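The structure under discussion appears below in the form of structure tokens.
Protein chains in written order, with this note's numbering: chain A, 220 to 464; chain B, 283 to 607.
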């Protein structure tokens with residue numbers, strides 16, 4: 220196996236349900252590899268299965284059939300704590316984070332590395348500070364997350380994932396609440412993280428323009444079928460035809 | 283250099299000092315004045331009436347207030363986190379009703395529960411409901427289902443108790459109603475260790491689940507994503523909280539409001555939801571509240587606690603601090 224491949228899907232069928240017959244939101248079996256330093260944009264209409272795929276890729280939802288392999292190990296065989304050091308899924312609309320400051324929230328990203336009583340080392344604090352700086356959250360680090368705007372909150376969620384220091388970063392519509400300059404900045408940062416930290420990034424989005432500009436490959440889920448092509452070739456290969464009026 | 287939050291430090295020092303002062307008052311103030319000399323090693327027969335009052339009444343009451351305050355506050359906080367419901371408390375799982383059912387069987391229908399009498403009856407009832415809750419928790423992933431089952435079991439048991447009350451005599455009913463008012467005066471020195479052991483086990487189970495509690499605030503999927511074994515964490519917290527609430531109810535009766543109000547009080551003081559801080563903070567607040575209520579020994583315990591608890595919960599709701607943040 221190629222050493223730089225971080226995530227591999229083998230004949231993967233994903234969806235909700237225990238068998239192919241019972242499963243809902245089913246996609247046809249597909250193969251896919253995510254390498255270190257690569258950004259893959261995941262596109263598709265609402266309800267096509269983007270989020271389900273991302274949940275399957277991080278082990279939150281079991282594959283209906285086929286396998287997800289993370290750094291050479293089958294997903295089911297990796298202990299949950301070790302898995303949390305390898306892959307992280309960031310969703311923008313989750314449970315409301317009540318009674319939590321921005322710093323507290325970002326600090327949760329260090330939990331996979333914490334001991335029995337969830338303490339944080341000086342190194343953990345430093346990583347949290349770096350993540351806060353990277354996402355330009357210093358100004359409201361001590362404010363309540365619930366008091367922030369949706370866009371600011373998106374950056375907090377992302378900072379938490381970055382503090383987790385995973386190899387594979389999965390993001391579910393991270394720019395849904397961001398303004399145009401911040402969206403651009405986000406995609407630039409994802410690209411920088413992938414290249415500099417040798418991370419693999421899969422980012423689901425509805426921003427076709429950013430997907431073409433900032434990702435290495437584009438993955439499209441359409442009518443239960445998953446297709447993938449180099450970002451520059453996706454349009455020519457017809458992967459983006461569904462976006463036309 | 284790691285950050286030390288001054289607010290947290292000051293709040294802890296204040297609460298510990300307050301708990302110390304109230305402990306002193308609980309032991310030494312009252313209708314019979316006691317002094318340090320009465321606090322000599324316990325020996326039978328007692329050297330004086332004062333010494334007997336100290337060892338037979340004051341110290342068991344102090345221990346009951348401390349253990350009960352600690353256990354109800356910790357149980358309340360952990361259940362509020364688990365259910366992500368700021369108004370959940372130790373009794374939402376029907377544990378209090380279970381204990382009341384055991385006591386009603388003993389006092390109203392005359393069933394015998396062995397050496398400890400009413401204590402055993404309450405413990406058996408509370409544990410039976412706890413077992414049922416654990417059974418449901420093992421079967422359903424959804425915490426809301428558990429919450430609904432707990433409330434329904436509570437209503438069902440309350441209805442059964444009502445039926446028992448209808449056919450009971452006035453004296454039995456008086457004793458039962460008196461038990462329902464809660465008291466820190468029922469614990470005897472001989473049974474202190476049983477209470478302490480139950481609290482220790484319950485507390486250990488909750489403390490070992492701090493990672494789960496810190497992550498579970500944001501949902502089970504989020505916790506799984508942070509490498510937390512959600513199923514194990516949930517079972518440990520449920521078992522620990524049930525044990526804490528059940529032991530307190532068994533020894534002190536159904537003590538109201540500590541479980542619901544104290545976690546909010548602790549949050550208002552410490553302004554953090556990190557359970558590494560909030561668990562000891564809630565425990566201390568619970569201890570202080572219960573010790574404070576000991577100073578009004580002539581008024582029923584639940585009346586005192588409700589008079590404090592109701593305004594606190596109302597304040598939380600009106601101010602929105604408990605729900606919004």
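All residues carry an ideal CB built from backbone N, CA and C; glycine is no exception.
All figures in this text were calculated on a predicted structure; none of them were measured in a lab.
(message) In the DSSP output, what is residue 419 (chain A) paired with across the bridge?
(response) In the first chain, residue 419 (chain A) corresponds to position 200, counting from 1. For residue 419 (chain A), which the question treats as bridged, DSSP gives the partners A:387.
(message) Which of the three DSSP states is assigned to residue 506 (chain B) in this structure?
(response) Within the second chain, numbered from 1, the residue matching residue 506 (chain B) stands at position 224. Residue state, collapsed to three classes: helix.
(request) List the residues that DSSP assigns as beta-bridge partners of residue 320 (chain A). (result) As a first step, residue 320 (chain A) must be located in the first chain, where it is residue number 101. Paired residue(s): A:363.
(message) Can you tell me whether residue 605 (chain B) is helix, strand or coil according to DSSP?
(response) By one-based count along the second chain, residue 605 (chain B) stands at place 323. Only weak support exists for where residue 605 (chain B) lies, its pLDDT of 44 falling under 50; the value from the coordinates is given anyway. Helix.
(message) Short of 7 Å Cβ to Cβ, which residues in the stretch 270-294 of chain A face chain D?
(response) Going by chain labels, chain D is absent from the structure shown, which instead holds the protein chains A and B.
(message) Helix, strand or coil for residue 280 (chain A)? Go by DSSP, reduced to three states.
(response) Reading the first chain from its first residue, position 61 is the one you call residue 280 (chain A). The answer is coil: DSSP assigns residue 280 (chain A) none of H, G, I, E or B.
(request) Keeping to the same chain, check which residues put their C-beta closer than 6 Å to that of residue 493 (chain B); ignore five residues upstream and five downstream. (result) For the purposes of this step, residue 493 (chain B) is identified with residue 211 of the second chain, where counting begins at 1. Spatial neighbours of residue 493 (chain B) in its own chain (CB-CB distance under 6 Å, excluding positions within 5 residues in sequence) are listed in chain order as 510.
(message) Tell me the residue span of the beta strand (DSSP E) that contains residue 251 (chain A).
(response) Mapped onto the first chain, residue 251 (chain A) falls at position 32. Where residue 251 (chain A) is concerned, the enclosing beta strand (DSSP E) stretches over 249-254.
(message) By the 7 Å beta-carbon criterion, what residues does the stretch 306-329 of chain A contribute toward chain B?
(response) Those residues of the stretch 306-329 of chain A placed with their C-beta closer than 7 Å to a C-beta in chain B are 307, 308, 313, 314, 316, 317, 318, 319, 323, 327, ordered along the chain.
(message) Among the candidates B:339, B:291, B:302, B:361, whose CA atom is the shortest distance from the CA of residue 473 (chain B)?
(response) Here residue 473 (chain B) refers to the residue found at position 191 when the second chain is read from its first residue. Looking at the Cα atoms, B:339 is the closest of the given residues.
(message) If I measure Cβ to Cβ from residue 340 (chain A) and keep anything under 7 Å in the same chain, skipping five residues before and after, which residues do I get?
(response) As a working note, residue 340 (chain A) is residue 121 in the first chain. Taken in chain order, the list of residues that qualify is empty.
(request) Measure the C-alpha to C-alpha separation of residue 388 (chain B) and residue 330 (chain B) and round it to an integer number of angstroms. (result) Position 106 of the second chain, counting from 1, holds the residue named residue 388 (chain B). Position 48 of the second chain, counting from 1, holds the residue named residue 330 (chain B). Taking the straight line joining both Cα atoms gives about 36 Å.
(message) At 3 residues or longer, what runs of the beta strand (DSSP E) sit wholly inside the stretch 531-584 of chain B?
(response) none
(message) Tell me which residues share the same chain as residue 524 (chain B) and place their Cβ nearer than 7 Å to its Cβ, disregarding the 5 neighbours each side in the sequence.
(response) As a position in the second chain, residue 524 (chain B) is number 242, starting the count at 1. So the list reads 375, 377, 412, 415, once near-sequence residues are dropped.
(message) Less than 8 Å between C-beta atoms, sequence neighbours within five positions excluded: which residues of the same chain meet that for residue 505 (chain B)?
(response) Locating residue 505 (chain B) in the second chain gives position 223, where the first residue counts as 1. Result list for residue 505 (chain B): 494, 497, 498, 512, 515, in chain order.
(message) Only counting the same chain, and skipping five residues up and downstream in sequence, which positions put a Cβ closer than 6 Å to that of residue 527 (chain B)?
(response) The residue labelled residue 527 (chain B) in the question sits at position 245 within the second chain. Contacts found: 357, 372, 377.
(message) Suppose you measure from the CA of residue 430 (chain B) to the CA of residue 250 (chain A); what does that come to, to the nearest Å?
(response) The residue given as residue 430 (chain B) occupies position 148 in the second chain. The residue given as residue 250 (chain A) occupies position 31 in the first chain. Per the coordinates, the alpha-carbon of residue 430 (chain B) lies some 43 Å from the alpha-carbon of residue 250 (chain A).
(message) To the nearest angstrom, how far is the alpha carbon of residue 450 (chain A) from that of residue 320 (chain A)?
(response) On the first chain, position 231 is the one that residue 450 (chain A) refers to. On the first chain, position 101 is the one that residue 320 (chain A) refers to. Answer to the nearest angstrom: the Cα atoms are 38 Å apart.
(request) Look at the Cβ atom of residue 380 (chain B), then the Cβ atom of residue 439 (chain B), and state whether they are nearer than 8 Å. (result) To locate residue 380 (chain B), count along the second chain from 1; it is residue 98. To locate residue 439 (chain B), count along the second chain from 1; it is residue 157. Yes, the Cβ-Cβ distance between residue 380 (chain B) and residue 439 (chain B) is below 8 Å.
(request) Have a look at residue 459 (chain A) and residue 391 (chain A) and give me their C-alpha separation to the nearest angstrom. (result) To locate residue 459 (chain A), count along the first chain from 1; it is residue 240. To locate residue 391 (chain A), count along the first chain from 1; it is residue 172. Roughly 19 Å between the two C-alpha positions.
(message) Distance check for residue 259 (chain A) and residue 300 (chain B), CA to CA, integer angstroms please.
(response) For the purposes of this step, residue 300 (chain B) is identified with residue 18 of the second chain, where counting begins at 1. For the purposes of this step, residue 259 (chain A) is identified with residue 40 of the first chain, where counting begins at 1. C-alpha separation (whole angstroms): 58 Å.
(request) Tell me whether the beta-carbon of residue 531 (chain B) lies closer than 8 Å to the beta-carbon of residue 404 (chain B). (result) Working through the second chain from its first residue, we reach residue 531 (chain B) at position 249. Working through the second chain from its first residue, we reach residue 404 (chain B) at position 122. Yes. Within cutoff.
(message) Going residue by residue through the stretch 460-495 of chain B, where are the continuous alpha helix (DSSP H) segments of at least 4 residues, counting only ones entirely within it?
(response) 474-489
(message) Assuming contact is defined by CB atoms lying nearer than 8 Å, are residue 570 (chain B) and residue 297 (chain B) in contact in what I supplied?
(response) As a first step, residue 570 (chain B) must be located in the second chain, where it is residue number 288. As a first step, residue 297 (chain B) must be located in the second chain, where it is residue number 15. Yes, Cβ-Cβ distance for residue 570 (chain B) and residue 297 (chain B) is below 8 Å.
(request) Look up residue 267 (chain A) in the DSSP assignment and give the residues it is bridged to. (result) As a first step, residue 267 (chain A) is located in the first chain; it is residue number 48 there, counting from the start. For residue 267 (chain A), which the question treats as bridged, DSSP gives no partner whatsoever.
(request) Count the other CB atoms, across all protein chains shown, that sit within 10 Å of the CB of residue 362 (chain B); report buried if there are 16 or more and exposed otherwise. (result) Taking the second chain and counting its residues from 1, one reaches residue 362 (chain B) at position 80. Counting other Cβ atoms within 10 Å of its Cβ, residue 362 (chain B) reaches 16 or more and is therefore classed as buried.
(request) Compute the Euclidean distance between the alpha carbons of residue 400 (chain A) and residue 491 (chain B), then round it to the nearest angstrom. (result) Sequence index remark: in the first chain, residue 400 (chain A) carries index 181 (1-based). Sequence index remark: in the second chain, residue 491 (chain B) carries index 209 (1-based). Those two C-alpha atoms are separated by around 42 Å.
(message) From the DSSP secondary-structure annotation, give me the bridge partner or partners of residue 438 (chain A).
(response) Here residue 438 (chain A) is taken as the residue at index 219 of the first chain, counted from 1. Beta-bridge pairing links residue 438 (chain A) to A:261, A:447.
(message) Determine whether the beta carbon atoms of residue 254 (chain A) and residue 419 (chain A) lie at a separation below 8 Å.
(response) Reading the first chain from its first residue, position 35 is the one you call residue 254 (chain A). Reading the first chain from its first residue, position 200 is the one you call residue 419 (chain A). Their beta carbons are under 8 Å apart, which means residue 254 (chain A) touches residue 419 (chain A) by this criterion.
(message) To the nearest angstrom, how far is the alpha carbon of residue 286 (chain A) from that of residue 293 (chain A)?
(response) Within the first chain, the letter at position 67 stands for residue 286 (chain A). Within the first chain, the letter at position 74 stands for residue 293 (chain A). Approximately 7 Å, taken between the alpha carbons.
(request) Quick one: grab the DSSP three-state call for residue 293 (chain B). (result) The residue labelled residue 293 (chain B) in the question sits at position 11 within the second chain. Here residue 293 (chain B) sits in helix by DSSP.
(request) Tell me whether the beta-carbon of residue 380 (chain A) lies closer than 8 Å to the beta-carbon of residue 367 (chain A). (result) Counted from its first residue, the first chain places residue 380 (chain A) at position 161. Counted from its first residue, the first chain places residue 367 (chain A) at position 148. Not a contact, by the Cβ cut-off of 8 Å.
(request) Pull up the distance between the alpha-carbon of residue 442 (chain A) and that of residue 274 (chain A), whole angstroms please. (result) Locating residue 442 (chain A) in the first chain gives position 223, where the first residue counts as 1. Locating residue 274 (chain A) in the first chain gives position 55, where the first residue counts as 1. If I take the Cα positions, the gap works out to 19 Å.
(message) Please identify, using Cβ separations under 9 Å, the residues of the stretch 335-360 of chain A that lie next to chain B, in order along the chain.
(response) Listed in sequence order: 335, 336, 337, 338, 339, 340, 341, 344.
(message) Can you give me the C-alpha to C-alpha distance between residue 580 (chain B) and residue 468 (chain B), rounded to a whole angstrom?
(response) Within the second chain, the letter at position 298 stands for residue 580 (chain B). Within the second chain, the letter at position 186 stands for residue 468 (chain B). When rounded, the separation of the alpha-carbon atoms in residue 580 (chain B) and residue 468 (chain B) is 14 Å.
(message) Going by the DSSP bridge assignment, what does residue 307 (chain A) pair with across the sheet?
(response) Walking along the first chain from the start, residue 307 (chain A) turns up at place 88. In DSSP, residue 307 (chain A) forms a bridge with A:388.
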